[in-house]
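In this note's numbering, the protein residues as written are 81 to 275.
In structure tokens form, the structure reads like this:
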């Protein structure tokens, strides 16, 4: 028999009634995402593996990602990124608002190193996760992965609209310009800069 558990992580407590069973997160600004990331990369998910955490209390998923381009920071060519939720045998844990990885999908990720176990995590939950998708007309987009189950609110409780998809070249140019304005000195300009 398949067991299903759903976790809805709430970053804000004490808010008035929120419709829908949504996870609620304090929205990070673009400046927060850029300045708090250890690295920002573009790559492809090679495989995903779900397992019990060392404590045996939660299911986590590790995604192995080939890094095709480093935009900010430094990175080896293959990394492992951890997120919560996943499937171990017939036990499934859905974690709304957290990144979900699929093998074969191309991504842009804002990453930080979790001090407790030194694993790489996506900054801002789904806010630091973009899919790289090429439309039928050949235009490639950076598509935000914030879903309807991940509700973003400003610190004052007002909702933040889900960001729009952006053409990939414009996304990278804007990211690099914003990082430079914030004083980041580890900005990479060429696709081969991750070696």
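Positions of the beta carbon are idealized from the N, C-alpha and C atoms, including for glycine.
Being a predicted model, the structure only gives us computed values, none of them experimental.
The shortest C-alpha to C-alpha distance from residue 200 to any of 186, 212, 179 is the one to 179. In this structure, the alpha-carbon of residue 245 lies about 11 Å from that of residue 219. Here the region 161-170 makes contact with the region 192-208; the two share three or more CB pairs at distances below 8 Å.
CA-CA distance, residue 132 to residue 211, rounds to 26 Å. In the displayed model, residue 268 falls within coil according to three-state DSSP, outside both helix and strand.
A contact between stretches requires three or more CB pairs, one per stretch, nearer than 8 Å, and the region 116-127 meets this requirement with the region 138-147. In terms of Cβ geometry, residue 256 and residue 189 do not form a close pair [threshold 8 Å]. Taking a C-beta distance under 8 Å as the contact criterion, residue 262 and residue 114 qualify as a contact pair. In this structure, residue 153 places its C-beta atom within 8 Å of the C-beta atom of residue 266. For the pair residue 231 and residue 177, the Cα-to-Cα distance works out to about 8 Å. Residue 223 sits close to residue 213, with the two beta carbons spaced by under 8 Å.
Between the C-alpha atoms of residue 174 and residue 249 there is a straight-line separation of about 33 Å. In this structure, the beta-carbon distance from residue 134 to residue 192 does not fall below 8 Å. Annotation: the continuous beta strand (DSSP E) that includes residue 222 extends over 220-224. Scanning its chain for C-beta atoms nearer than 8 Å, with the 5 sequence neighbours on each side dropped, one finds around residue 264 the residues 114, 115, 152, in chain order.
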